[in-house]
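*Asks:* Numbering (my numbering), first residue to last: 15 to 420. A virtual CB, placed ideally from N, CA and C, is assigned to each residue, including glycine. Since this is a predicted model, take the numbers as computed values, not measurements.
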Amino acid sequence: MAVRLSSLPIIEHWNCHNCAACCRETVIRLDAEDVARLQSQQWEQQPEFQGVRVVRRSVLLGRAPVLAHKADGSCVFLTAAGLCRIHEVFGADAKPLACRQFPLQVVRWERKTFATVLRSCPSAAAERGRPVSEHLGFLKRLVKDEGGRVAAPAVAGRVRRGWNDFEYVASALERCLTDERLPLVRRVAKCVRFCNLIEQCRWKHLAPESVAGVIQAAEELSDHELGELFRDRVVPGKRTSRLFRRLGAHFVRCFPGGKPTRTLRDHWYAMRASGRLAKAHTLPADLHPRFAAVASEQLERALGPLGDDVLKPLERCFVAHAVSRRYALSHSNSSLLDSTRRLTFMHPMAMWLLRWLAVDREPTAEDMIEIVVALERGMATAGLDRAVHWLAESRELERLAAWYAR
Ligand code: SF4
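(1) I'd like to know whether the C-beta atoms of glycine 8 and histidine 264 end up nearer to each other than 7 Å.
(2) Could you check whether the Cβ of histidine 31 sits closer than 6 Å to any heavy atom belonging to the ligand SF4?
(3) To which residues does DSSP link threonine 296 through a beta bridge?
(4) If I measure Cβ to Cβ from alanine 307 and keep anything under 8 Å in the same chain, skipping five residues before and after, which residues do I get?
(5) Quick one, which of Val337, Arg125, Leu150 and Gly76 has its alpha-carbon nearest threonine 192's?
(6) Using C-beta distances below 6 Å, list every residue in its chain close to phenylalanine 63, excluding the 5 sequence neighbours before and after it, in chain order.
(7) Assuming glutamate 141 and glutamate 26 form a contact by the criterion Cβ under 8 Å, report the distance between their Cβ atoms to the nearest whole angstrom.
(8) Quick check: what's the CA-CA separation for serine 310 versus valine 66?
(9) On the DSSP letters alone, give me the boundaries of the alpha helix (DSSP H) that phenylalanine 104 sits inside.
(10) Label phenylalanine 128 either buried or exposed according to how many other C-beta atoms from any shown protein chain fall within 10 Å of its C-beta, with 16 as the threshold for buried.
(11) Here's the rule I'm using: 16 or more other beta-carbon atoms within 10 Å means buried, otherwise exposed. How should alanine 85 be labelled?
(12) Secondary structure at leucine 22, three-state DSSP: helix, strand or coil?
(13) With 16 as the cutoff for other CB atoms within 10 Å, does asparagine 347 come out buried or exposed?
(14) Any idea if aspartate 352 is buried or exposed, counting beta-carbon neighbours within 10 angstroms, 16 or more meaning buried?
(15) Tell me whether alanine 34, by its Cβ, gets closer than 6 Å to a heavy atom of the ligand SF4.
(16) Are the stretch 38-45 and the stretch 149-160 touching, with three or more C-beta to C-beta distances below 8 Å?
(17) Counting along the chain, where does the alpha helix (DSSP H) carrying leucine 191 start and finish?
(18) Would the beta-carbon of arginine 175 fall within 7 Å of that of valine 169?
(19) Closest to leucine 187 by CA distance: which of Ser20, Gly272 and Arg340 is it?
(20) When you compare the CB positions of proline 10 and leucine 368, do they come within less than 7 Å of one another, or not?
(21) Straight-line CA distance for valine 324 to phenylalanine 180?
(22) For leucine 351, which three-state DSSP category applies?
(23) Kindly list the residues whose CB is nearer than 6 Å to the CB of histidine 31, restricted to its own chain and excluding five residues on each side of it in sequence; keep chain order.
Here it is in structure tokens:
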């Protein structure tokens, strides 16, 4: 049965511009139908695929089948001309589902299903192309109705309260993140405070009729004395700095054009590089070709006012997440509050990456588009929730947001 799909109340744009970034820097997970289709295509009989594995098992994804890669990290089916070999030989419908759908995404709410775009595609991050509503017909043909009710993620901790309470909290977060009267960083800091307040509720014992009042009170309180955070900005302490830079190394590696981290060995080298970066006074240049070696204190200097065009790709990313709820519904193992904190962490990280990327020049909108791509690619990583939870609880997350927004 075809799925009932709507576009979001905001207008997102995307068209494929054939940059092939998704064929170079993405792990494509395969379902049983994809694997069977690839087997029926008998690639082993094509001269260029003799002795070449086209599907491998990913240890990092619990031995799930994924498309194999060449030594340079690109997809095994990517041709020298930057085209997909499956598409060339068998047509678009013969490709794995994830390749056909990317970067279009479906977000399932209790009774609604929305189409949005993953901004890990550079064209989606830059919003180049037609409105997503014009891709709905294509997406409807691709996505099956999975039937059954989807469970709402827990609001806080492991306490699942159902869709009503999820929506109360998510709507308050949406109001905050889309409030154009405030600069984005203030909205982010307010959200962090709102999450800390909401977490103090004893959700297990909260009566359903009290939820709206609790949320209204938290919304009002989260604004209280927010100005002081920006007036008396605090330099990140040693422990916070180290953790922040360790996480920063992960996002630098997610930048377009970086070394692939697909195997356990890649991850081992990446972990060692993160450890070095966390402690170094000079940030090394070996993480990514786009990031030059730089003294760590250079990234603590104020950036000065940024043009609206520079901040726009980041703001649009936040708004799309907030309106679609994708930040929470794509990571249903995390609670709503943890997902929100993960999203808010993207702000200080974006501003730190911007300092490094544009270390000797003025930052541009193109820099921010690449940063959004890297953030989208990196935000699902395991371990991020725990680190960000600590930063939020210790009030360091809001301080980081204020510090790097200078
Ligand atoms: S990354 Fe986006 S623009 Fe580039 S080929 Fe993939 S879908 Fe097209």
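*Replies:* This is what the structure gives:
(1) A query on residue 8 cannot be resolved here, the shown segment of the chain reaching from 15 to 420 and no further.
(2) yes
(3) For threonine 296, which the question treats as bridged, DSSP gives the partners Ala309.
(4) Thr296, Leu297, Pro298 and Ala299
(5) Ranking Val337, Arg125, Leu150 and Gly76 by Cα distance to threonine 192 puts Val337 first.
(6) Trp57
(7) Yes, glutamate 141 and glutamate 26 are in contact; Cβ-Cβ is about 6 Å, under 8 Å.
(8) In a straight line, the C-alpha of serine 310 is about 44 Å away from that of valine 66.
(9) Per DSSP, phenylalanine 104 belongs to the alpha helix (DSSP H) from 99-104.
(10) buried
(11) Classification of alanine 85: exposed, given that the 10 Å Cβ count is below 16.
(12) coil
(13) exposed
(14) buried
(15) yes
(16) no
(17) Where leucine 191 is concerned, the enclosing alpha helix (DSSP H) stretches over 177-191.
(18) yes
(19) Arg340
(20) The requested residue 10 does not occur in the structure, where the chain is confined to residues 15 to 420.
(21) 33 Å
(22) Taken through DSSP and simplified to helix, strand or coil, leucine 351 comes out as helix.
(23) Ser137
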